[in-house]
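Structure record follows, encoded as structure tokens.
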Amino acid sequence: MDGLTKIDDLGQPRVVIVGGGFGGLALAQSLANVAVQVVLIDKHNYHAFQPLLYQVATAGLAPDNIVAPFRKALGKQKNFYFRLAEVQSIDATAQVVETTIGLLRYDYLVLATGATSNFFGDAVMEQNAITLKSVSDALELRNTLLANFEQALQLGDQEQLNSLLDFVIVGGGPTGVEMAGALSELRAHVFPQDYRELDFKQMDIHLVQSGPVLLKGMSAEASAHSLADLKSMGVQVWLDARVKSYDGYTATLSTGEQLITRTLIWAAGVTGAPVAGLVPECLGPGNRYLVDEHNRVAGYDNVFALGDIALMKTDDYPGGHPQVAQPALQQGRLLGRNIARLLGGELMQPFRYDDKGSMATIGRNRAVADVKFFGREWHLSGFLAWLAWSLVHVLALVNYRSRIAVAFTWAWNYWSQDKGLRYIIGRIKPLLGSNVDTPAGKAIV
385 MDGLTKIDDL
395 GQPRVVIVGG
405 GFGGLALAQS
415 LANVAVQVVL
425 IDKHNYHAFQ
435 PLLYQVATAG
445 LAPDNIVAPF
455 RKALGKQKNF
465 YFRLAEVQSI
475 DATAQVVETT
485 IGLLRYDYLV
495 LATGATSNFF
505 GDAVMEQNAI
515 TLKSVSDALE
525 LRNTLLANFE
535 QALQLGDQEQ
545 LNSLLDFVIV
555 GGGPTGVEMA
565 GALSELRAHV
575 FPQDYRELDF
585 KQMDIHLVQS
595 GPVLLKGMSA
605 EASAHSLADL
615 KSMGVQVWLD
625 ARVKSYDGYT
635 ATLSTGEQLI
645 TRTLIWAAGV
655 TGAPVAGLVP
665 ECLGPGNRYL
675 VDEHNRVAGY
685 DNVFALGDIA
695 LMKTDDYPGG
705 HPQVAQPALQ
715 QGRLLGRNIA
725 RLLGGELMQP
735 FRYDDKGSMA
745 TIGRNRAVAD
755 VKFFGREWHL
765 SGFLAWLAWS
775 LVHVLALVNY
785 RSRIAVAFTW
795 AWNYWSQDKG
805 LRYIIGRIKP
815 LLGSNVDTPA
825 GKAIV
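Under our numbering, the first residue of the sequence shown carries the number 385, and numbering increases by one thereafter.
See below:
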């Protein structure tokens, strides 16, 4: 047995996977029929479908619709073991990882730890902003959003009222665009029914993008359509602007404008989440592990990295592959086959990214998609892109239960134009940055 982890040594090569995101899960599944022992370590006991976190945050989906417990998803896989823990360090010489529950030996180590929000060293921003990288983040944002409206009902001061109704979203990538669109639809169809005493004409949604276009990395057509859709939905889009500071109440832009808000959603930039213990030289820009064409970490023969944490420089992708789901899934599946080849004394195959395109949804019947098939790239927008986006995301969910639940929920939401999961359970972001509290006190109302 290994330390406190109590995993029997089966006499087979042991593949330890750190992180159960898209890459880690795909690798574990691809090793189902390989003569190895697969051990997955994650700080959560479930895989979360991150592209739909914003829908949990905006009351469109329940958390259990987008998560799949590892023991359920991989429970029938006889060579699979899961441990709920965090990896603290790696001893590559001894081939051991130190975790919060003990030591674990490995023959092959695969790091799929993903990425975390990058605040570029701004500790105040990090303290006051809300991120959207986990299910907990999504629930906190939903709770905070609803709690702010509940508190707004008690306020008489106009500036304080606006600070609770207004939102600033930092980052014009898919997460930021989709979040802005979802909030706009809530403002138009849902919130006025729930909070009849509030004037939602005063609810401002600001989307701040540091570059000249939205959805950088997608086509010019997609960027232009998304900008036009958001503006038509009443979202105020700030291009070529950055949020220089945010104290929990005032967001100051690089252009000089100041936006008053209690809720700033950070969707701008990520950085890798490496594990201590490997040589510093194996880390590249963005705290990503430098890997070769087989996803092997530079300087190591039996340590690999997948997905967002892996930086594989190629002629087509000199800055590494996009930090989205598809590269992670494809790398995980190929690495599973390559480990089988290594065990059989065969050469590994190099990774070649098959870019299937990109999509983003803005709202009801509004989406953009750059889709590649039949040797061409097709640019879709409007209802057809929205339908394609919906179908792709439903099919990409891990289990059938989630697919059925999400499809049914979306159908109901589409027909009713309602988001029924508007309840406050759990953590709420504390209100900071202003000494003005709810003024009513003991007033008679």
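Ideal placement from N, C-alpha and C gives every residue a C-beta, glycine not left out. Every value quoted in this text rests on a predicted model; they were computed, and no experiment measured them.
Residue i - partner residues in DSSP beta bridges
i      : result
Asp426 : Leu468
Val776 : For Val776, which the question treats as bridged, DSSP gives no partner whatsoever.
Trp650 : Thr515, Val554
Ala635 : Tyr630, Leu643
His431 : Ala452
Gln421 : Arg398
Glu482 : Ser473, Leu487
Gly656 : Ala499
Phe688 : Val494, Arg680
Gly540 : In DSSP, Gly540 forms no bridge with anything.
Arg672 : Gly668
Ala694 : Tyr673
Trp622 : Val592
Sequence-distant residues of the same chain with beta carbon closer than 8 Å to residue i, five excluded per side
i      : result
Arg721 : Ser414, Gln733
Lys628 : Thr636, Leu637, Ser638
Ala827 : Its pLDDT being 40, under 50, Ala827 is placed unreliably by the model, and nothing is read from it.
Leu537 : Tyr579, Glu581, Leu582
Asn429 : Pro453, Phe454, Arg455, Phe466, Leu468
Thr822 : Its pLDDT being 43, under 50, Thr822 is placed unreliably by the model, and nothing is read from it.
Cys666 : Tyr673, Leu674, Val681, Ala682, Gly683, Tyr684
Tyr701 : Tyr737
Glu677 : Met696, Thr698, Pro734, Phe735
Integer Cβ distance of residue i from residue j, believed to fall under 8 Å
i      : j      : result
Leu570 : Val790 : Leu570 to Val790, Cβ: 18 Å. No contact.
Thr391 : Tyr465 : For the record, residue 391 in the displayed sequence is Ile; it is not Thr. Confirmed, about 6 Å.
His763 : Ala612 : Not quite, the Cβ-Cβ distance comes to about 14 Å (not below 8 Å), so this is no contact.
Ala412 : Val420 : Incorrect: roughly 10 Å between the Cβ atoms, too far for contact.
Lys803 : Val574 : 5 Å
Gly747 : Gly618 : No, Gly747 and Gly618 are not in contact; Cβ-Cβ is about 11 Å, not under 8 Å.
Phe888 : His590 : Examination of residue 888 is not possible in this model, given that the chain is present from 385 through 829 alone.
Ile808 : Asn449 : No, Ile808 and Asn449 are not in contact; Cβ-Cβ is about 19 Å, not under 8 Å.
Leu662 : Ala496 : That pair is no contact at about 15 Å.
Leu623 : Pro596 : 6 Å
Leu719 : Val494 : 7 Å
Pro435 : Ala709 : 7 Å
Leu529 : Gln586 : No, Leu529 and Gln586 are not in contact; Cβ-Cβ is about 16 Å, not under 8 Å.
Pro711 : Gly729 : The Cβ separation is near 28 Å, so there is no contact.
Chain-order list of residues whose beta-carbon lies under 6 Å from that of residue i (same chain, five-residue window excluded)
i      : result
Asn819 : At Asn819 the pLDDT is 45, less than 50, meaning the model places this residue with poor confidence; the figure from the coordinates comes in the next sentence. Closer than 6 Å at the Cβ level, and outside the excluded window around Asn819, lies no residue.
Ser603 : Asp754, His763
Leu832 : No statement about residue 832 is possible, as the shown extent of the chain runs from 385 to 829 and does not include it.
Gly555 : Ala651, Ala652
Gly741 : Asp754, Val755, Lys756
Ala625 : Val592, Leu637, Ser638, Thr639
Thr515 : Ser501, Asp521, Trp650
Met743 : Ala753, Trp773
Val675 : Val681, Ala689, Ala694, Met696
Gln461 : Ala416
heavy atom of the ligand GDP below 7 Å from residue i C-beta
i      : result
Leu727 : Questions concerning the ligand GDP fall outside what the structure shown contains, since it holds no ligand whatsoever.
Sequence-distant residues of the same chain with beta carbon closer than 7 Å to residue i, five excluded per side
i      : result
Arg672 : Gly656, Ile693, Ala694, Leu695, Gly704
Pro706 : Gly601
Asp738 : Gln714
Leu567 : Thr442, Phe551, Ile589
Gly404 : Leu424, Asp426, His431, Phe454
Spell out a yes or no on whether the stretch 446-458 and the stretch 501-508 are touching, meaning 3 or more CB-CB pairs, one atom from each, closer than 8 Å.
Output reads no: the stretch 501-508 does not touch the stretch 446-458.
Within the stretch 698-771, ranges of the beta strand (DSSP E) (whole runs, at least 3 residues)
Those beta strand (DSSP E) runs which fall completely within the stretch 698-771 and span 3+ residues are 741-747, 750-757, 760-765.
The stretch 684-691 touching the stretch 639-651, judged by at least three CB pairs closer than 8 Å
no
Where in the stretch 577-610 do unbroken runs of the beta strand (DSSP E), each at least 3 residues long, occur, reported from the N-terminal end onward?
Whole beta strand (DSSP E) segments, 3+ residues: 589-592.
Decide yes or no for the touch test of the stretch 694-709 against the stretch 529-538: beta carbon pairs closer than 8 Å, at least 3 of them.
no
With contact counted as at least three CB pairs below 8 Å, one residue from each stretch, are the stretch 433-449 and the stretch 710-725 in contact?
no
Please determine if the stretch 765-774 and the stretch 738-755 are in contact, where contact requires at least 3 C-beta pairs separated by less than 8 Å.
yes
With a threshold of 8 Å, are at least 3 pairs of Cβ atoms found where one atom belongs to the stretch 467-478 and the other to the stretch 548-565?
no
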